Amino acid sequence: MCLATLLRIPRQHRDLSYALLMYAAVAAADLVWCRLHKGSWCRWRVVTLLAFAVCDIPMTRCGLVPVGMSQVTATPPGAWGTLYHIAAFVLASRLLANLVLWCQLHRISWVLPANTFMVLHNLSGNGDTCNAAVLTGSAAAQRATRLLAGALRLLSFPGPPPPRDAPLPSVAEECRTVLAYLQLCLGLVAPAVAVACLETRLYAQHAAQRRRAGLPPERGWWHPRLYAALADAGQGLDRFTGPVLAWTASAVLHAVAVAVSRAQGDA
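Take the position in the sequence shown, starting the count at 1, then add 240; the result is the number in our numbering.
Structure (structure tokens):
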């Protein structure tokens with residue numbers, strides 16, 4: 241979305257082009273730094289992680305997602321239109337950008353705060369994003385949005401049914417709920433769990449190698465304790481408790497997404 245938006249920015253959004261150019265400059269500087277000074281880059285590359293997180297502020301404030309979504313064609317009718325609508329939501333949620341941040345393979349103790357900062361900042365722009373015609377501007381788009389919101393409600397805990405005369409949430413509120421859920425669940429929590437499992441396994445292999453070599457355990461107050469706690473938490477999961485815990489976490493995140501959406505609507 242960043243590249244497509246940069247190439248087709250309307251004149252009234254020139255400030256967005258400057259924000260995107262700054263983001264591209266940080267990415268280019270990171271590549272040059274890695275190429276020319278590999279040692280210092282490996283030691284201090286967390287600086288670029290923080291720079292990417294900071295650069296996300298002006299891009300969100302300048303309307304990256306609304307401007308980008310204005311260039312997406314309308315949702316077609318039918319089953320293909322539903323799949324198209326899901327792809328539009330994934331694009332609008334900035335999910336791909338958040339996953340790229342995780343794929344830079346920083347330690348979870350660094351990337352989790354940076355990604356949390358980005359996701360919380362992205363949540364603030366969901367109200368403007370849901371004004372895009374491709375998400376809520378046509379009958380097909382509204383139907384697909386309500387379908388996705390209803391599917392997410394099935395993931396939450398079953399509760400008492402609402403009264404028959406209770407008004408349905410607006411399409412804009414359900415759009416904000418879907419976006420917030422994607423950002424919280426798939427953009428933050430799911431990759432954090434995946435990275436935590438990967439790092440815990442790698443740390444266990446590293447500790448075993450040190451024991452076989454006759455070396456003392458790793459010293460430090462933070463990382464050894466963090467990985468030990470993650471390993472203990474993972475040992476208590478099995479084929480039953482793992483899916484139940486995942487479903488519970490998904491339901492809690494959906495409830496948080498609903499609360500955030502309603503708060504943005506009341507603001």
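Even for Gly, the Cβ is constructed at its ideal location relative to N, Cα and C. Note that this is a predicted model, so its numbers are computed, not measured.
Residue from the options with nearest C-alpha to residue i
i           : options               : result
residue 325 : 371, 292 and 387      : 387
residue 385 : 442, 316 and 352      : 316
residue 375 : 412, 271 and 428      : 412
residue 308 : 332, 425 and 433      : 332
residue 463 : 440, 270 and 502      : 440
residue 497 : 442, 472 and 426      : 426
residue 491 : 286, 422, 448 and 450 : 422
residue 532 : 415, 352 and 353      : Here the chain comprises residues numbered 241 to 507, so residue 532 is not present and cannot be evaluated.
residue 286 : 352, 473 and 447      : 352
residue 410 : 450, 281, 451 and 367 : 367
residue 256 : 269, 300 and 281      : 300
residue 293 : 479, 450 and 262      : 262
Inter-residue spacing [alpha-carbon to alpha-carbon] between residue i and residue j
i           : j           : result
residue 348 : residue 328 : 29 angstroms
residue 393 : residue 345 : 33 angstroms
residue 418 : residue 260 : 26 angstroms
residue 396 : residue 284 : 42 angstroms
residue 514 : residue 420 : With the chain covering 241 to 507 only, the question about residue 514 has no answer from this structure.
residue 468 : residue 389 : 38 angstroms
residue 445 : residue 438 : 11 angstroms
residue 493 : residue 291 : 28 angstroms
residue 372 : residue 334 : 15 angstroms
residue 279 : residue 357 : 28 angstroms
residue 454 : residue 489 : 41 angstroms
residue 487 : residue 254 : 43 angstroms
residue 508 : residue 359 : Because the chain in this structure spans residues 241 to 507, residue 508 falls outside the shown range and cannot be described.
residue 382 : residue 355 : 30 angstroms
residue 258 : residue 298 : 9 angstroms
residue 503 : residue 312 : 28 angstroms
residue 246 : residue 264 : With a pLDDT of only 49 at residue 246, under 50, the local geometry of the prediction cannot be trusted, and no value is derived from it.
residue 431 : residue 391 : 22 angstroms
residue 483 : residue 433 : 13 angstroms
residue 319 : residue 379 : 14 angstroms
residue 322 : residue 495 : 24 angstroms
residue 271 : residue 443 : 27 angstroms
residue 314 : residue 269 : 37 angstroms
residue 452 : residue 472 : 22 angstroms
residue 475 : residue 343 : 25 angstroms
residue 310 : residue 282 : 39 angstroms
residue 448 : residue 505 : 53 angstroms
residue 481 : residue 450 : 32 angstroms
Assumed close pair residue i, residue j - CB separation to whole angstroms, cut-off 8 angstroms
i           : j           : result
residue 302 : residue 266 : That belief does not hold up - the Cβ atoms of residue 302 and residue 266 are roughly 16 angstroms apart, past 8 angstroms.
residue 477 : residue 485 : 7 angstroms
residue 436 : residue 470 : 5 angstroms
residue 369 : residue 305 : 5 angstroms
residue 350 : residue 428 : Actually they are not in contact, since the Cβ atoms of residue 350 and residue 428 sit about 15 angstroms apart, beyond 8 angstroms.
Range of the contiguous alpha helix (DSSP H) that encloses residue i
i           : result
residue 270 : 254–276
residue 306 : 304–309
residue 429 : That residue, residue 429, is in no alpha helix (DSSP H); it is neither H nor E in DSSP.
residue 390 : 379–393
residue 346 : Segment: none, residue 346 is in no alpha helix (DSSP H) and carries neither H nor E.
residue 320 : 319–332
residue 342 : 335–342
residue 289 : 286–301
residue 368 : 366–369
residue 376 : 373–376
residue 469 : 463–475
residue 479 : Taken as a continuous stretch (DSSP letters only), residue 479 belongs to no alpha helix (DSSP H), as it is neither H nor E.
residue 418 : 411–421
Original post:
At a cut of 8 angstroms, does the stretch 274–283 reach the stretch 328–341 through at least three beta carbon pairs?
Top reply: no
**OP:** Evaluate contact between the stretch 356–368 and the stretch 447–462, counting only Cβ atoms and requiring at least three cross-stretch pairs below 8 angstroms.
**Re:** no
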